[in-house]
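Student: Below is the structure I would like to discuss, written out as structure tokens.
2 protein chains.
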Amino acid sequence: VVRLENVCKIYKEYSVEVNALKSANLSIREGDFTAIVGPSGSGKSTLLHILGCLDRPSSGEVIVDDQNIKSLPDSRLAKLRGKKFGFIFQGYNLIPRLTALENVMLPALIQKHHYDGIEKLAHDLLNLVGIENRAEHRAVHLSGGEQQRVAVARALINDPVLILADEPTGALDSEASAKLMELLKSLNREEGCTIVYVTHEQTIANYAGRLIQLKDGYIIYHSKREW
Amino acid sequence: VVRLENVCKIYKEYSVEVNALKSANLSIREGDFTAIVGPSGSGKSTLLHILGCLDRPSSGEVIVDDQNIKSLPDSRLAKLRGKKFGFIFQGYNLIPRLTALENVMLPALIQKHHYDGIEKLAHDLLNLVGIENRAEHRAVHLSGGEQQRVAVARALINDPVLILADEPTGALDSEASAKLMELLKSLNREEGCTIVYVTHEQTIANYAGRLIQLKDGYIIYHSKREW
Ligand SMILES: Nc1ncnc2c1ncn2[C@@H]1O[C@H](COP(=O)(O)OP(=O)(O)OP(=O)(O)O)[C@@H](O)[C@H]1O
Ligand SMILES: Nc1ncnc2c1ncn2[C@@H]1O[C@H](COP(=O)(O)OP(=O)(O)OP(=O)(O)O)[C@@H](O)[C@H]1O
Ligand SMILES: [Mg+2]
Ligand SMILES: [Mg+2]
Chain A
750 VVRLENVCKI
760 YKEYSVEVNA
770 LKSANLSIRE
780 GDFTAIVGPS
790 GSGKSTLLHI
800 LGCLDRPSSG
810 EVIVDDQNIK
820 SLPDSRLAKL
830 RGKKFGFIFQ
840 GYNLIPRLTA
850 LENVMLPALI
860 QKHHYDGIEK
870 LAHDLLNLVG
880 IENRAEHRAV
890 HLSGGEQQRV
900 AVARALINDP
910 VLILADEPTG
920 ALDSEASAKL
930 MELLKSLNRE
940 EGCTIVYVTH
950 EQTIANYAGR
960 LIQLKDGYII
970 YHSKREW
Chain B
750 VVRLENVCKI
760 YKEYSVEVNA
770 LKSANLSIRE
780 GDFTAIVGPS
790 GSGKSTLLHI
800 LGCLDRPSSG
810 EVIVDDQNIK
820 SLPDSRLAKL
830 RGKKFGFIFQ
840 GYNLIPRLTA
850 LENVMLPALI
860 QKHHYDGIEK
870 LAHDLLNLVG
880 IENRAEHRAV
890 HLSGGEQQRV
900 AVARALINDP
910 VLILADEPTG
920 ALDSEASAKL
930 MELLKSLNRE
940 EGCTIVYVTH
950 EQTIANYAGR
960 LIQLKDGYII
970 YHSKREW
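In structure tokens form, the structure reads like this:
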């Protein structure tokens, strides 16, 4: 699905150069259920953004379905992402003054899905994450855990083949976290959805079939769980 | 320090009325180290905002140092908060285009502390939370856990008597979380700082001397730990 070859990412902030990712080599295969772990600032979000083609590497290659994305202009890349990827951001990135329902529908409206079923689908997804009763709340008037779950529902509206989730249970209590991970697990097993998620919690990492460990921008550990 | 008497908070969102807090009776005493726990949407952030006088109740009384805040106009209340309280928001609420250092200094500049030491104090606080090397980064260019720690440092700049922290370890790995809780514990024990924090993690709640449990807007459990 996505392959990284010798990927590096350097951010420049005034005079400071941050080597956020160093020589990342990684293949995400169809049907994978992969957790990325590591300390704060180790490059997890950076890795996830590059895997999801939200950001381009400073060097190295990113290959999506056998196509090197270097050859794609930003507009084509955005189109590919919108159609096939679902992204759950660490900060949720909801539109504050839109309702929960409108936020969930937005990616479908952007992809010009004008069919009647979109509003019902958005309601069903909010129900799936347990906040259907907040559908008409503006995002800015939701609790932290409710905002997080709107972000999850939104990532699913276009039926993505790849879900990239940055700390999807960060604001959730253990019960809501377990429900969410069970939902992701069933999407992976029953829909064949490929899922890569970042977490700093070991119990949440344990749901995955593969584990990638980051430290100071390096992938220092890469395992496959034998069930 | 802060006392709530029969406090209720109702939010109106279009036609939906949310009873976020119901008959909350609670006293926070000087030197307390208190954790607030409960499921997503149970009213934790609402309770914390009312304790910190960032929001007024729909009914009931809020008494700070024996003064009912009903008699204080918003400007006087803001002044009291700025001088004595330190707040760590669930969403951090940093100014995106200001640097980490500027964000930390901001509450002191608002209180018109023009002394030379403010920049050094801000550097020391960033060092205390382990991100001194990101002092010149704009907030929007920091990782999630780095933003959280800037929010912590900012809450400490005016040497508050009461710290209200909404999920202060939410974006942090276990090592950084433990360091932060040890910092709060030492502020409580050595500086006599009163601390109230929200968390959804049991291990983080265990640092506290008192536990308040919320469910559907009610305080359903209230304990004091015997050391
Ligand atoms: N846009 C940016 N400009 C400059 N530096 C950045 C930018 N984004 C991230 N960084 C820096 O790169 C490093 C890696 O950031 P990243 O967000 O990938 O970390 P992370 O592992 O997701 O951390 P966390 O667990 O705290 O979210 C951090 O030290 C951060 O300060
Ligand atoms: N400004 C608001 N307007 C309308 N409803 C609100 C507002 N703020 C919160 N709510 C609602 O009140 C309830 C309690 O919110 P609160 O933020 O206190 O929950 P919480 O316990 O902090 O949840 P979480 O753990 O998810 O952060 C939620 O169901 C939320 O939708
Ligand atoms: Mg991150
Ligand atoms: Mg909250």
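Residue numbers (this note's numbering), protein chains in the order written: chain A, 750 to 976; chain B, 750 to 976.
Beta carbons: idealized from backbone N, C-alpha and C, even for Gly.
1) Is any heavy atom of ligand 3 found at a distance shorter than 7 Å from the C-beta of S794/A?
2) Determine the direct distance from the alpha carbon of D814/A to that of P917/A, and round the result to whole angstroms.
3) For the candidate residues L963/B, I969/B and G790/B, whose alpha-carbon lies nearest to that of Q897/A?
4) Within the continuous beta strand (DSSP E) that includes H971/B, where are the two ends?
5) For K793/B, count the other beta carbons within 10 Å of its own beta carbon; 16 or more makes it buried, fewer makes it exposed. Which is it?
6) Against V756/B, what residues of chain A qualify as contacts under a CB-to-CB distance less than 7 Å, listed in chain order?
7) Roughly how far, in whole angstroms, is the beta-carbon of R752/A from the beta-carbon of I812/A, given that I think they are within contact range, below 8 Å?
8) Is the Cβ-Cβ distance between I759/B and L963/B less than 8 Å?
9) If the cut is a Cβ gap below 8 Å, which residues of chain A does S807/B touch?
10) Reducing DSSP to helix, strand and coil, say where D873/A ends up.
11) Interface residues of chain E around A925/A at Cβ under 8 Å?
12) Is any beta-carbon of chain A found at less than 8 Å from that of G738/B?
13) Using the rule of at least 16 other Cβ atoms within 10 Å of the residue's Cβ for burial, across every protein chain shown, is D781/A buried or exposed?
14) Is the beta carbon of C977/B sitting closer than 8 Å to the one on L829/B?
15) Taking DSSP as the reference, what is the three-state secondary structure of Q816/B?
16) Only counting the same chain, and skipping five residues up and downstream in sequence, which positions put a Cβ closer than 6 Å to that of S764/A?
17) Between R883/A and ligand 2, is the CB less than 7 Å from at least one heavy atom?
18) Please identify the residue among S772/B, E754/B, E766/B and G787/B whose C-alpha is closest to the C-alpha of A920/A.
Tutor: Working from what's here:
1) yes
2) 25 Å
3) G790/B
4) Y967 to K973
5) buried
6) Result: empty, since nearest Cβ-Cβ is about 18 Å, beyond 7 Å.
7) 4 Å
8) no
9) Here the premise fails: no neighbours, minimum Cβ distance about 15 Å.
10) helix
11) In summary, chain E is missing from the structure at hand, where the protein chains are A and B.
12) No answer is possible for residue 738/B: the residues shown for chain B start at 750 and end at 976.
13) buried
14) A query on residue 977/B cannot be resolved here, the shown segment of chain B reaching from 750 to 976 and no further.
15) strand
16) none
17) yes
18) G787/B
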